[in-house]
Amino acid sequence: MPDASPVKWHLAHTSWFFETFILDGLTDYRTFDPAYRVLFNSYYVSVGDRHPRPERGLVSRPGLADILRYRAHVNAAMEAAFAAGLGANRLRLLQLGINHEEQHQELILTDLKHLFSKNPLKPIYKPQWPLTAVEPAPVAWVPFTSGLHEIGHAGDAFAFDNESPRHCEYSQGFELASRLVTHGDFLAFMADGGYQRPELWLSAGWDCVIQNHWTAPLYWEQRDGEWLTFTLHGMVKIDPHTPVCHLSYFEADAFARWSGARLPTEAEWEIAANVCPVQGNFLESGAFHPLPLSGQKQMGPLAQMFGDVWEWTQSDYRPYPGFRPAPGAVGEYNGKFMCGQYVLRGGSCATPQRHIRPTYRNFFPPHARWQFSGLRLARDAAT
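If you count the sequence shown from 1, position 163 lands on 149 in this note's numbering, and the numbers rise without skipping.
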């Protein structure tokens, strides 16, 4: 799949990042292999040539042992450079590199899941299934009043450049669903002909349905009238009470329209998330799958705002007012993708917990489905 990369590429690329942006230029650093500069460059055009992303899976060499030696070489050089003292600029790049590696920790799981799903043997990454039977959780609507709100990152803690500058946005009164949309909710949409009703879909979304023969979310299969889904724990029956995931923006938007609701804007989501603790089902839980609400401690009226699934918003991924990309090649990290994509918020069951904050902006094109992406409904405040 063109969007996914082999695990060893992730291992090499994250080392490449430290080598390219921190170690290169240090007088005592010895490059491990000049060919790696091209082979493991992702999208940094100003750095130089890149191996095509869709062909990363064809790179049989270097092998894993070589990649591990490369990582050890870079790690040793980084430790030496850190002990000798890094200047302020390299320290900032070090912090960016650590957060960059956390992103790839998540991508390793999502890419591996897609790879395993294509194997007829349906390999199991983690044998233990984390779910137990639960009762359904009802949906309540949590109101938020109209007003002017500040959103975006502020302070000295790390954040990516696309989270700034902090700025004011006016929000009309809105309501947010108290929980995420579940597999059971989505089954009802499907049973009502959701994938056969063009009036529910954006035009580009309906084109995706027709061209790709979508009849269910990614990884779902129907056997003997029963729906199953592929997980990192293997093929399992659909649990109606767990948050639905692996939805495209188009599917999330169609479901919201079918529900008589809509997707929240990213400003609405952040306004609501600011009153919630950053707790939930993250990578560290080891579940590697969304968990049902009653299996978690609910913090306040809004449940599962963080973790479990990335939540689609209706907001285009665009620059905040006054945004300026960082100087140099690292300025390519976020800014050049601000076209044709939508924002997701909150993190997922594959995201490291320390990586997430209320201002974090993830983004994907509207047809993307291989991430742990789901939704929470929103609607305008009742008048």
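Where is the CB? At the ideal position from N, CA and C, for every residue including glycine.
- When secondary structure is reduced to three states using DSSP, R248 falls in the strand class.
- Taking every protein chain shown into account, the CB of V24 has fewer than 16 other CB atoms within 10 angstroms, so this residue is exposed.
- In the DSSP secondary-structure assignment, C335 is not bridged to any residue.
- Exclusion of the five residues before and after Q327 leaves Y303, F349, F350 and P351 as the residues of its chain whose Cβ lies within less than 7 Å of its Cβ.
- The criterion of a C-beta distance shorter than 8 Å is not satisfied by A143 and M176.
- With a cut-off of 8 Å on Cβ pairs, the segment 245 to 259 is not in contact with the segment 209 to 220, counting fewer than three such pairs.
- As DSSP reads the structure, G293 sits in no beta bridge.
- Secondary structure note for C194: its alpha helix (DSSP H) is the uninterrupted segment S189 to N198.
- For E121, the secondary structure class from DSSP, reduced to helix, strand or coil, is coil.
- Going by beta carbons, A238 and L162 fall outside the 8 Å limit.
- Assignment of P129 by DSSP, reduced to helix, strand and coil, places it in the strand class.
- Under the rule that a run must span 4 or more residues, the alpha helix (DSSP H) segments found entirely inside the segment 222 to 273 read 235 to 244 and 252 to 259.
- With fewer than 16 other Cβ atoms inside 10 Å of its own Cβ, A21 counts as exposed.
- Listed as beta-bridge partners of I137 by DSSP are H153.
- Contact between H(-1) and S28 is confirmed by a C-beta separation of about 6 Å, below the 8 Å threshold.
- Counting C-beta pairs with one atom in each stretch, the segment 32 to 52 and the segment 85 to 94 have fewer than three that are closer than 8 Å, which means they do not touch.
- In this structure E136 is exposed. Its beta-carbon is surrounded by fewer than 16 other beta-carbon atoms within 10 angstroms.
- Contact between T131 and T228 does not hold, since their C-beta atoms are separated by about 32 Å, which reaches or exceeds 8 Å.
- Counting only the Cα atoms, Q339 lies some 30 Å from L173.
- Out of G220, V195 and Q265, the CA that lies nearest to the CA of A240 is found in V195.
- Under the three-state reduction of DSSP output, F175 falls in the helix class.
- Nearest C-alpha to T251 among R331, F68 and L134: R331.
- Cβ neighbours of G272 within its own chain (closer than 8 Å, five residues either side excluded): K112 and P116.
- DSSP, reduced to helix, strand and coil, places L288 outside both helices and strands of the structure shown, so it counts as coil.
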